[in-house]
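Just so it is clear: in the sequence shown, position 36 is 36 by the UniProt record's numbering, and no numbers are missing. All C-beta atoms, glycine included, are put in the ideal place defined by N, C-alpha and C. All of these numbers come straight from a predicted model, not from anything done at the bench. Heads up: the structure comes next, in structure tokens.
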Amino acid sequence: MEGLINGSVYYKIFNKTFNNSSHRYIKKNNSINETEIVENKKSITTYFKAQDILILNQVHGNQIVNADESIIAVPEADGSITTKKNLVLAVQSADCVPVLLASGDGKIIGAAHAGWKGSINNIISNIVTKITEKGAKNLIAVIGPAIAQSSYEVDDEYYKAFLSKDINNKQFFINSIKEKHYMFDLPAFVELKLKEAGVKDIKNIAEDTYTNPLKYPSKRRSYHLQEPYNQNILSAIVMK
Numbered sequence: 001m002e003g004l005i006n007g008s009v010y011y012k013i014f015n016k017t018f019n020n021s022s023h024r025y026i027k028k029n030n031s032i033n034e035t036e037i038v039e040n041k042k043s044i045t046t047y048f049k050a051q052d053i054l055i056l057n058q059v060h061g062n063q064i065v066n067a068d069e070s071i072i073a074v075p076e077a078d079g080s081i082t083t084k085k086n087l088v089l090a091v092q093s094a095d096c097v098p099v100l101l102a103s104g105d106g107k108i109i110g111a112a113h114a115g116w117k118g119s120i121n122n123i124i125s126n127i128v129t130k131i132t133e134k135g136a137k138n139l140i141a142v143i144g145p146a147i148a149q150s151s152y153e154v155d156d157e158y159y160k161a162f163l164s165k166d167i168n169n170k171q172f173f174i175n176s177i178k179e180k181h182y183m184f185d186l187p188a189f190v191e192l193k194l195k196e197a198g199v200k201d202i203k204n205i206a207e208d209t210y211t212n213p214l215k216y217p218s219k220r221r222s223y224h225l226q227e228p229y230n231q232n233i234l235s236a237i238v239m240k
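Structure, rendered in structure tokens:
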């Protein structure tokens, strides 16, 4: 557990080295049973000595949930914010960029799953706006482990989609050895979006999920190796 704001806000990246979890947190198919999910969530809340945890049904979108409000079903969203103490906010990833946020006074926290679709459709500015509207100032952000540019090859259609939003997005692409393909720096893109939204204090873990199989799940690596993809990194933050 890392102290983001000592005495009030803590976070942890739960990867394969955390042995008290099978790293499955949402029921996506019948290979995952409800008991397994409950036990995995319990392991996280116990670790933080927290009361509850919110893990979203992520849809690669840009919607943000206000966890201060009553939540009955698992929300379909890719970000959450709260002023509640001892409520863990968490996002899953396995190449996409997890982002954790805290107000400098330690009174508001947030978590976002920034895949390429969410990132290009303003999930970062959305969560910064939402958390700021609740009174957050002097935001601190953690960019968790994600796929690095050297591991992330994309096609021409993907490249054009980013340039159609802003020609300056070209800076995040370099040519691949494969014709009409590029290597994309998603973590750097997310970091720029945080800075553009006014976040100045940013910690980037900068570890490549694709090239660290003993530590991190990677959806792309699993696809390339024709292995089953059934685990996720959980990036979590809590106020005490």
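Counterpart residues of residue i in DSSP-defined beta bridges
i, result
"glutamine 92", "Leu234"
"alanine 112", "Gly79, Val99"
"valine 65", "Ser80"
"leucine 212", "The residue asked about is misnamed: residue 212 is asparagine in this sequence, not leucine. None; asparagine 212 has no bridge partner."
"lysine 203", "Val142"
"tyrosine 10", "Gly3, Val238"
C-beta contact flag for residue i and residue j at 8 Å
i, j, result
"leucine 101", "isoleucine 64", "no"
"alanine 136", "isoleucine 108", "yes"
"tyrosine 182", "lysine 16", "no"
"valine 99", "alanine 50", "no"
"glycine 106", "valine 9", "yes"
"alanine 67", "serine 125", "no"
"glutamine 92", "isoleucine 13", "no"
"asparagine 232", "alanine 94", "yes"
"residue 244", "glutamate 191", "This structure cannot speak to residue 244, because the chain is shown only from 1 to 240."
Beta-carbon contacts of residue i that lie in its chain and below 6 Å, excluding the five residues immediately before and after
i, result
"alanine 148", "Asp208"
"tyrosine 229", "Lys219, Ser222"
"isoleucine 237", "Tyr11, Leu89, Leu100, Ile109, Ala111"
"aspartate 155", "His181"
Length of the line joining the Cα atoms of residue i and residue j
i, j, result
"leucine 56", "isoleucine 37", "13 Å"
"glutamine 58", "lysine 130", "18 Å"
"lysine 117", "asparagine 33", "29 Å"
"alanine 111", "lysine 178", "35 Å"
"glycine 104", "proline 187", "23 Å"
"asparagine 86", "serine 119", "28 Å"
"alanine 206", "isoleucine 174", "18 Å"
"residue 248", "serine 21", "No information on residue 248 is available, as it lies outside the stretch 1 to 240 that the chain covers here."
"asparagine 169", "lysine 200", "20 Å"
"serine 80", "isoleucine 72", "15 Å"
"leucine 214", "tyrosine 158", "29 Å"
"threonine 211", "phenylalanine 189", "20 Å"
"histidine 60", "asparagine 6", "32 Å"
Contact set for residue i: own chain, Cβ-Cβ below 7 Å, skip 5 residues either direction
i, result
"aspartate 185", "Gln149, Phe172"
"isoleucine 53", "Lys41, Ile44, Thr45, Val88, Ala90"
"lysine 134", "Ile81, Thr83, Ile108"
"asparagine 122", "Asn62"
CB contact check: residue i to chain D, cutoff 8 Å
i, result
"glycine 79", "You won't find chain D in this structure, because it holds only one protein chain."
Close-in-space but distant-in-sequence residues of the same chain around residue i (CB under 8 Å, 5 per side omitted)
i, result
"leucine 194", "Val99, Ile124, Val128, Ala141, Ile143, Ile202"
"arginine 24", "Ile32, Glu36, Ile37, Asn40, Asn230, Gln231, Asn232"
"leucine 163", "Asn169, Lys170"
Report the residue ranges of all beta strand (DSSP E) runs contained in full by the segment 116-153; include only those spanning at least 3 residues, in chain order.
140-143
Where are the beta strand (DSSP E) runs, 3 residues long or more, that stay fully inside the segment 146-192, in chain order?
153-155, 173-175, 181-184
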